[in-house]
Amino acid sequence: MTSSEMVLLTVGHRARSAAVTALWVSVAGAAAFTVFAFLTTQVHAIRAGSPWQDDPYDGVVSFTQLIVPALAVLTVTRARLLRGCGCQPVFRVGQLLRAALVCTLLVAATVVTDWLAVTVRADHRLWNHGTPWLIAALAPLTAAVAAGLLTQWRAFRRLPPRDARGPEGDWLDDLPALTELVARALPRTGRRLAGVLGRDEVIGFTRRHVLPLAAAITLVTELPLSIGEALGEHWTDPLLSVTVNAIGSGGFFALIMICNKALRIVVPHADDRTLSGRLGRARRSARMAAVAGALALPTSAVLRGSIWPMLGGGGRLPVPVAFATITFTGAATTTLVVFGTVLILSRPTRPRRRPRRWRGWVRRTVKSIAATATALVVVSAGYVAAVATLHAQPVTLPAPAGPHHVGRTMFDWTDHTRADPLAPTPRNARNLSVWVWYPAVPGARGRRAPYAPGAWNQLHLPSLPGLGETDFAAVRTHALEDVPPAGGRFPVVVLLPGLGFAAPQYATLAENLASHGYLVAGVTPTYSANLTVLHAHPVHATTSGNPAFDGTDLHTAAATEAGDRLTGIWAADARFAAAQVARLGLTGRFAGRVDTARTAYVGHSFGGAAALEACRTDPHCAGAADLDGTQFGPVAHTGLNKPMMIIAAQDSCVTGTCRPADTADRSDVATAHAMLTAGTGPAWRYQIEGARHFNFTDYGAYYLAAPIRPLLALGTIDGDLGLQITNTYLSAFVDHALRGSPEPLLTGQTTPYPQIRIQPTIRSTPAVR
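In the working numbering, the protein residues as written are 120 to 888.
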């Protein structure tokens, strides 16, 4: 560019004076912001009460606190070095003004984000006496932003119109002159280095390789920062360190490229517009996709709290895994979507004959449809990839709260006294799979018990939906397989599943009871469970064992008849399992370890009804617990003369206390009312707000993809918390029933869990609301 082509601003020109004022106002605002950002992010005593200390607010300042001072220093350095050069081209003054404007806008974005955090009272529980001072400090910073924008607006207005400014260069045009000025103040080595940087070959190389050079600079800059953060935060997981480094590098790279585009710091020497055909379009698409994907890295990380529910929920997945999955999947998906969309929608660079109007409309419509289809396919593929990654990640069940280690063993038992009425061939004896969890010897070491070994793995959701559920091989239990039992004598608790479920799907409840010193026999009712495994062979449900209850009302004449019949069979299964566990105490590893005097029965859903009926008919029963199950069988009419506990989900009426919404609810209320009225034993009743029917199973602890989770009866309560509440009340009840322990948790009117709604203890006719 020759000087004759440039429009120059002389010293003292009003546009130049306004630009200098705007420049220094923005630099002063940037300096104030840098100090403010450092204090509120790096000084722990101040950060502790900050309303914007967590994402997404913290994610914004993490980048602007470095970009703003760097851009301000670069702008001031260029302005100071060129101040003695007399007349200045309009484009150079305009570039400096744009740099000041970008700097001010970045500060403004952070200030707006901080005000938003104050408005929504983010992290309000952490606010302290210093928080009002931090909020007050935003006021002068806001004023500085407003002053910067005002002075920049005035300066831009005084510049000549854009069409009268002449051609525009980039910041590299000034590099030879700048290096010459700098070299005068440097020693010999520095002058040589400055001379090398000012060579045409170096400038040409920079213009040809803007993208890789920007990527290299951000990686080199971010790596020591990430290492320092990892050391300061004591991170030991390499995946977390890699993810944080990628987020920082990607964010800085995207901001550098966006700022370069806006400020024309380095204009590529060979614009892709000079390339013809597909090559030019592909390069432009790839460049835009690279920047978009890099920007998506920090964006996905900052918005992970909103993205996570879209992927599903549940399961205590390792934080680095979930963090990395959301971050990298979001970036990869964004990259592919932008590349495909831009490539399809961009126009060919070669001039073509102008098509007829209807052909152009058809072409644009086809391109739009193709771009939309491509985006949908890529987003769907990215979603499936993220779900598949989370499906394979380890999930640990909630930890038992008792003092004992837990062991687990499995038995296949045959009740030769009963012909199986549910089998395809009714003459066969009744066979049952029973898993026993027990207190293990202190310091026990052994193989961790697999969650669903062998054919039990078929408990997974079938076909494609199984991909959206935690792989059972990745579920970590707390029981050890076949380790020696602890010393002492332990009462027996029989655990019955819901209709269609199996005992392994209640491992959380079983392990917790075993850790409190009980032998827990988990029974899987054959031909009623969707799957049981007998002698290593899978056995599936039959129509008689798992009848289809028509409609939602479970107490119609037909449903009551089927439920009463099945309840009797399940109750016999439970009593048989209790007797078999008692026999284990005669010989073998459990010799002398079984307290046969008292037994408790616990069940979920239909298993809850069977547990009540088993307790009614077993003279050794000391109490029964029903987890969200409506009652069937004779016990529904005679009641129970022993302690019972009923825990219901939020939308359940099985405790006899609710506001019935339909006929099914009224039937459940009437059935529970009749049973509680007829019984003479105490009955404790609770309801868990936010819980639904499946929250009493291990489904509450699994990861479940978003399309699957709403199809299951899982509530809004955190899955692990729901199981923890159930375990707390269940162990308190069993301790009271089997050991006579005083339990203020049961009898009191307060609870440590705000999700629990305590209902009146029944010792007489209950009041129905």
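Ideal placement from N, C-alpha and C gives every residue a C-beta, glycine not left out.
For residue i, the nearest candidate out of the options (CA to CA)
i: ALA733; options: ARG694, VAL321 and THR232; result: ARG694
i: ASP289; options: ALA538, VAL386, VAL339 and THR536; result: VAL386
i: VAL174; options: ILE426, GLY775 and ALA593; result: Note that residue 174 is Asp in the sequence shown here, rather than Val. Of ILE426, GLY775 and ALA593, the residue nearest in Cα terms is ILE426.
i: HIS654; options: LEU614, GLY727 and PRO572; result: PRO572
i: ALA810; options: LEU823, ALA825, THR835 and HIS792; result: THR835
i: GLY704; options: GLY501, GLY819, GLY607 and ALA333; result: GLY607
i: HIS524; options: ILE488, ALA413, VAL497 and LEU638; result: LEU638
i: LEU685; options: PRO540, ASN814, GLY711 and ALA820; result: PRO540
i: VAL76; options: ALA373, ALA755 and PRO417; result: As displayed, the chain neither begins before 120 nor continues past 888, which places residue 76 out of reach and without an answer.
i: ALA789; options: HIS674, ILE688 and GLN769; result: HIS674
i: ALA820; options: GLU588, PRO826, ALA743 and ALA274; result: GLU588
i: ALA151; options: ALA691, ALA401, GLN271 and ALA258; result: ALA258
i: HIS119; options: ALA691, GLY267 and LEU849; result: A question about residue 119 goes unanswered here, because the residues of the chain that appear run from 120 up to 888.
i: LEU225; options: THR261, VAL503, ARG135 and ALA730; result: THR261
Neighbourhood of residue i by C-beta distance below 8 Å, restricted to the same chain and skipping five residues each side
i: ALA701; result: VAL611, VAL713 and THR715
i: PHE324; result: none
i: LEU185; result: PHE371
i: GLY711; result: ARG608 and GLY704
Those residues which DSSP pairs with residue i across a bridge
i: THR528; result: VAL555
i: THR651; result: VAL658
i: GLY641; result: TRP554 and LEU614
i: ALA823; result: Just to set this straight, residue 823 is Leu in the shown sequence, not Ala. Beta-bridge pairing links LEU823 to GLY432 and GLU588.
i: ASP534; result: ARG549
i: ILE877; result: TYR805
i: GLY727; result: In the DSSP output, where bridge partners are listed per residue, GLY727 has none listed.
i: GLU600; result: ARG527
i: ILE766; result: LEU746 and TYR805
i: GLY798; result: Per DSSP, none; premise fails for GLY798.
i: VAL721; result: LEU614 and ALA744
i: ASP714; result: PRO610
i: THR515; result: ARG595
i: ARG567; result: LEU599
Cβ-based neighbour list, residue i, same chain, cut-off 6 Å, excluding 5 preceding and 5 following
i: ARG785; result: PRO779
i: ALA349; result: SER360
i: TYR557; result: GLY526, PRO604, ALA633 and LEU638
i: THR757; result: ALA797
For residue i, the three-state DSSP class (helix, strand or coil)
i: ASN814; result: helix
i: ASP745; result: strand
i: ALA241; result: coil
i: CYS777; result: coil
i: TRP803; result: strand
i: ARG311; result: helix
i: PRO885; result: In this prediction, PRO885 has a pLDDT of 37, which is less than 50 and means its spatial position is unreliable; what the coordinates show is noted afterwards. It is coil, neither helix nor strand.
i: PHE609; result: strand
i: ILE377; result: helix
i: CYS740; result: strand
i: LEU225; result: helix
i: GLU352; result: helix
i: TYR908; result: Past the boundaries of the shown model lies residue 908; the chain is included only from 120 to 888, so the question cannot be answered.
i: GLY449; result: helix
i: ASP683; result: helix
i: VAL385; result: coil
i: THR671; result: coil
i: ARG400; result: helix
i: PRO543; result: coil
i: PRO259; result: helix
i: PRO666; result: coil
i: PRO417; result: helix
i: ALA283; result: Its pLDDT being 47, under 50, ALA283 is placed unreliably in this model, and the coordinates cannot settle the point.
i: PRO753; result: coil
Neighbourhood of residue i by C-beta distance below 7 Å, restricted to the same chain and skipping five residues each side
i: GLN577; result: LEU650 and PRO657
i: ILE875; result: TYR805, ILE807 and ILE844
i: ALA227; result: VAL264
i: MET376; result: ALA333 and VAL410
i: ASN889; result: The question about residue 889 has no answer here: the residues shown for the chain are numbered 120 through 888.
i: GLY367; result: GLU341, LEU344 and SER345
i: ALA218; result: LEU190, THR194 and LEU382
Point to revise | Stretch pair the segment 617-634 + the segment 596-608: three plus CB contacts closer than 8 Å | key: yes
Check your understanding: For the segment 781-797 against the segment 544-557, are there 3 or more C-beta pairs whose distance is under 8 Å?
Key -> no
**Study point:** contact_flag[the segment 324-344, the segment 357-375] where n(CB pairs < 8 Å) is 3 or more
**Key:** yes
Check your understanding: For the 8 Å Cβ check, are there 3 or more pairs between the segment 742-759 and the segment 675-684?
Key -> yes
Point to revise | Cβ contact (3+ pairs, closer than 8 Å) linking the segment 479-494 and the segment 560-574 | key: no
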